[in-house]
Amino acid sequence: MKVTVVGAGAVGASCAEYIAIKNFASEVVLLDIKEGFAEGKAMDLMQTASLNGFDTKITGVTNDYSKTADSDICVITSGIPRKPGMTREELIGINAGIVKDVSSNLIKNSPNTIIIVVSNPMDTMTYLVHKSTDLPKHRIIGMGGALDSARFKYRLAEALEAPISDVDGMVIGGHSDTGMVPLTRLATRNSVPVSEFLSEDRLNQVMEETKVGGATLTKLLGTSAWYAPGAAVSGLVQAIACDQKKMFPCSVLLEGEYGLNDICIGAPVILGRNGIEKIVEIELNDAEKAHMQESAEGVRKTNDLL
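2 is the number of the first residue of the sequence shown in my numbering; add one for each residue after it.
#1: For Leu46 versus Val6, is the C-beta distance shorter than 8 Å?
#2: Among all the DSSP beta bridges, which residues are the ones paired with Ile165?
#3: Write down the C-beta distance between Asn110 and Ser67 rounded to the nearest angstrom, noting that I regard them as a contact closer than 8 Å.
#4: Once the 5 residues before and after Asn191 are set aside, which same chain residues still bring their CB inside 6 Å of it?
#5: Let me know if Leu255 comes out buried or exposed under the rule of 16 or more other beta-carbons within 10 Å of its beta-carbon.
#6: Going by beta carbon distance, what residues of the same chain come within less than 8 Å of Ala26, once the five residues before and after it are set aside?
#7: What distance in whole Å lies between the Cβ atoms of Gly236 and Lys18, which are believed to be in contact at a cut-off of 8 Å?
#8: Based on Cα-Cα distance, which residue from Thr125, Gly86 and Glu91 lies nearest to Gln101?
#9: Please identify the residue among Gly94, Thr69 and Ala9 whose C-alpha is closest to the C-alpha of Leu307.
#10: Residues in its own chain within less than 7 Å of Leu129 by CB, not counting five upstream and five downstream?
#11: Would you kindly check if the distance between the Cβ of Met171 and the Cβ of Pro122 is under 8 Å?
#12: In three-state terms, what does DSSP make of Cys1?
#13: Expressed to the nearest angstrom, what Euclidean distance is found between the alpha-carbon atoms of Thr185 and Thr179?
#14: Can you tell me which of Leu199, Ile165, Asp263 and Leu136 puts its alpha carbon nearest to the alpha carbon of Asn106?
#15: Could you tell me which whole beta strand (DSSP E) segments of length 3 or greater appear in the segment 150-212?
#16: Between which residues of its own chain and Cys265 is the CB-CB distance below 7 Å, once the five residues before and five after are set aside?
#17: So for Gly80, helix, strand or coil by DSSP?
#18: Answer yes if the segment 154-163 comes into contact with the segment 198-213, meaning at least three C-beta pairs across the two stretches below 8 Å, and no otherwise.
#19: Which of the three DSSP states is assigned to Asn262 in this structure?
#20: Is there contact between the segment 293-305 and the segment 193-208, where contact requires at least three CB pairs shorter than 8 Å?
#21: Thinking Gly267 and Ile117 are a contact (beta carbons under 8 Å), I'd like their distance in whole angstroms, please.
#22: Going by C-alpha distance, which of Ser104, Ala240 and Lys23 is nearest Ile141?
#23: Can Glu258 and Glu282 be called in contact, C-beta distance under 8 Å?
#24: Is Ile142 near the ligand SAH, going by C-beta to nearest heavy atom under 7 Å?
#25: Assuming Thr69 contacts Glu40 (C-beta within less than 8 Å), just tell me the rounded distance between them.
#26: Using alpha carbons as the reference points, say which of Lys220, Gly260 and Arg274 lies closest to Gln245.
#27: Among the residues of its own chain, which have a CB less than 8 Å from the CB of Ser72, if the five just before and after it don't count?
#28: So, helix, strand or coil for Asp45, using DSSP?
#29: Out of curiosity, what's the CA-to-CA distance linking Ser120 and Thr78?
#30: Roughly how many angstroms lie between the CA atoms of Asp33 and Thr224, to the nearest whole one?
Here you go:
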């Protein structure tokens with residue numbers, strides 16, 4: 002199992018680290034345009050192998066896509082990160098050109114690969130890969146919902162004063178501060194609805210804190226977060242590589258599901274060796290449907306900029 006991660010910055014390096022530590026891949030290729038940068042990150046990570054007990058080989062390369070040949074899964078993290086006060090949408094002008102070029106080079110060397118898009122604005126970048134390549138839809142996946150759901154569960158556990166292993170919840174919709182749809186109605190603590198423990202006001206607070214989860218970290222860190230995005234990517238990659246048939250909310254091309262067409266947006270999917278094995282349509286109430294439609298309108302406005 003060979004995995005390529007394009008972009009050796011904080012997010013890309015975290016992806017490579019978490020994938021390697023889980024020890025299911027034979028090789029991770031880390032590629033960057035900055036001379037020697039990916040090579041240095043790969044060497045640093047390989048020097049943790051004996052300490053962290055993994056045998057995955059991590060290789061760093063400078064802009065040499067031939068080294069990515071025959072990758073089973075490719076992760077695109079390249080592009081500029083968000084700065085404080087910057088929306089994901091403001092990144093589109095620069096990142097669209099980067100993502101289009103990267104995806105083309107990856108597919109040229111690995112025509113049967115599955116692509117996971119992390120670059121922001123993520124839903125629009127995922128849509129761009131669909132429109133600019135010939136890959137089938139089940140082999141193009143946007144990471145956002147897996148990360149947003151992890152942040153949702155963190156906020157739920159915090160509100161419940163519970164261990165996070167007790168908590169389950171999902172975020173669908175767009176990967177943006179205004180587009181996320183945290184499904185508080187369906188969130189549980191050990192199968193018990195969280196509404197049994199938390200007031201409506203507290204749940205609304207959890208929902209709002211989840212929506213601005215990325216912006217909160219950007220303000221604190223001065224740049225985008227990297228640990229949780231890296232972990233989210235590794236979860237998706239492992240589900241595909243190990244054919245786990247796990248359910249994650251991901252940005253996927255919808256063709257009638259949830260009443261939406263020709264748009265990439267967060268929805269629950271089953272991930273296995275073919276990539277997206279199935280899009281899961283869950284029954285939404287009227288308020289959730291309205292939020293999903295609003296989210297889709299926001300994503301379409303960003304897509305129009307392409």
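We treat Cβ as the ideally placed atom computed from N, Cα and C, and that holds for glycine.
Per the coordinate set shown:
#1: No, the pair does not count as a contact, with Cβ atoms beyond the cut-off.
#2: For Ile165, no pairing in a beta bridge is given by DSSP.
#3: Their Cβ separation, rounded to whole angstroms, is 6 Å, which keeps Asn110 and Ser67 in contact under 8 Å.
#4: Taken in chain order, the residues that qualify are Asp167.
#5: Its Cβ being crowded by 16 or more others within 10 Å, Leu255 is buried.
#6: Contacts found: Met2, Lys3, Val4, Ile20, Thr57, Val238 and Ala242.
#7: The sequence as given places Glu at residue 18; Lys does not occur at that position. Contact flag wrong, Cβ pair sits at about 14 Å.
#8: The amino acid at residue 101 is misidentified as Gln; the sequence shows Lys. Measuring from the Cα of Lys101, the nearest candidate turns out to be Thr125.
#9: It is Gly94 whose Cα lies nearest to the Cα of Leu307.
#10: The answer, listed in chain order, is Ala97, Val100, Lys101 and Leu307.
#11: No; because the gap between Cβ atoms is not below 8 Å, this pair is not in contact.
#12: Only positions 2 to 307 of the chain appear in the structure, and residue 1 is not among them; the question remains open.
#13: Approximately 16 Å between the Cα atoms of the pair.
#14: It is Leu136.
#15: For the segment 150-212, whole beta strand (DSSP E) runs of length 3 or above, ordered along the chain, are 172-174 and 181-183.
#16: Here the set comprises Asp124, Thr127, Tyr128, His131, Gly143, Ser252, Val253 and Leu254.
#17: Reduced to three states, the DSSP call for Gly80 is coil.
#18: Yes: the two stretches touch, three or more of their Cβ pairs being nearer than 8 Å.
#19: Looking at Asn262 - three-state DSSP - the assignment turns out to be strand.
#20: Short answer: they don't touch.
#21: In fact, because the Cβ distance is near 14 Å, the residues do not count as touching under 8 Å.
#22: Of Ser104, Ala240 and Lys23, the residue nearest in Cα terms is Ser104.
#23: Going by C-beta atoms, Glu258 is nearer than 8 Å to Glu282.
#24: Because no ligand of any kind appears in the structure shown, any question about the ligand SAH cannot be addressed here.
#25: Rounded, the Cβ-Cβ distance is 14 Å, inconsistent with contact.
#26: Of the candidates Lys220, Gly260 and Arg274, the one whose C-alpha sits nearest the C-alpha of Gln245 is Arg274.
#27: Contacts found: Lys3, Val4, Thr5, Val30, Leu107, Asn110, Ser111 and Thr114.
#28: Asp45: helix per DSSP, three-state reduction.
#29: Rounded to whole angstroms, Ser120 to Thr78 spans 5 Å at the Cα level.
#30: Going by the C-alpha atoms only, they are around 19 Å apart.
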